[in-house]
């Protein structure tokens, strides 16, 4: 709403001057900015890793592990996909690639065990194809091991916590692939134990990203690496 006042020009008393005055100020302008999607992506990865690893070490005698499918598809797949797309919007290419890739890892891994996809049924058709299932999953995991190594090389200047997590992820995937090729219970349990360590480290990194001075009374150290340009020049270079 506004009102119009009539004022007279000092040079000409007969000419009215219209002056607009706002009786209600405009609404405040809010500058939108994205939050940090990293905690969502990291936690979405760690939760299914922890659950699957607990099954692999034989916790409470659980041998039927189909419950991991829901966790893999929704938490690991959808959760990380959302985090990856938000990382892209924030301009973080590494985070977007990391979460985006591993969202497809969990999504594709979960699809293997859904009967409607026919993937398992194709291998169970004959004894010959049934024997190929574990080797096929092993090759699948080796593929992800290679991608994990490439991502690890991209994390060399992030932080001690992030680099350690990337190394543990690669190591766990590699041992898990070996367990598929060898079908040895001891190797499977070793992969599960490494997965538990990886999951706990994942929870730490996620908590470190979430706990800031704005919302908690303490923060968690991650050991960030010094990057180029952070230290000033002092006249010469060593």
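Numbering (the working numbering), first residue to last: 1 to 238.
Don't be surprised by glycine CBs; every beta carbon is placed ideally from N, CA and C.
Residue i, buried or exposed, once every other Cβ within 10 Å from all chains shown has been counted against 16
i           : result
residue 43  : buried
residue 38  : buried
residue 131 : exposed
residue 58  : exposed
residue 217 : exposed
residue 172 : buried
residue 202 : buried
residue 30  : Low per-residue confidence applies at residue 30: pLDDT is 49, beneath 50, and the placement is therefore not dependable, though the value from the model is reported in the following sentence. Looking at its Cβ environment, which holds fewer than 16 other Cβ atoms inside 10 Å, residue 30 is exposed.
residue 103 : buried
residue 183 : exposed
residue 146 : exposed
residue 208 : buried
residue 62  : exposed
residue 213 : exposed
residue 206 : buried
residue 246 : Residue 246 is absent from the model: the chain starts at 1 and stops at 238.
residue 150 : exposed
residue 195 : buried
residue 48  : buried
residue 154 : exposed
Straight-line Cα distance separating residue j from residue i
i           : j           : result
residue 166 : residue 127 : 38 Å
residue 129 : residue 67  : 25 Å
residue 180 : residue 138 : 5 Å
residue 80  : residue 35  : 15 Å
residue 116 : residue 227 : 49 Å
residue 156 : residue 96  : 17 Å
residue 186 : residue 107 : 27 Å
residue 90  : residue 60  : 42 Å
residue 105 : residue 219 : 31 Å
residue 64  : residue 56  : 10 Å
residue 192 : residue 174 : 12 Å
residue 190 : residue 77  : 25 Å
residue 257 : residue 75  : Beyond the ends of the chain as shown, which are 1 and 238, falls residue 257; an answer cannot be given.
Beta-carbon separation (whole angstroms), residue i vs residue j, contact threshold 8 Å
i           : j           : result
residue 46  : residue 177 : No, residue 46 and residue 177 are not in contact; Cβ-Cβ is about 20 Å, not under 8 Å.
residue 71  : residue 51  : 6 Å
residue 69  : residue 114 : 6 Å
residue 204 : residue 161 : 7 Å
residue 188 : residue 170 : Actually they are not in contact, since the Cβ atoms of residue 188 and residue 170 sit about 18 Å apart, beyond 8 Å.
residue 141 : residue 110 : Rounded, the Cβ-Cβ distance is 14 Å, inconsistent with contact.
residue 83  : residue 40  : 4 Å
residue 225 : residue 158 : 7 Å
Unbroken alpha helix (DSSP H) run spanning residue i, endpoints
i           : result
residue 180 : 160-182
residue 195 : 185-210
residue 87  : 80-89
| said: Quick check on the DSSP output: what are the complete alpha helix (DSSP H) runs of length 4 or more inside the segment 32-71, in order along the chain? | reply: 38-56, all fully within the segment 32-71.
| field | Contiguous alpha helix (DSSP H) assignments of at least 4 residues, all confined to the segment 108-144 | value | Correct list: 119-123, 127-130.
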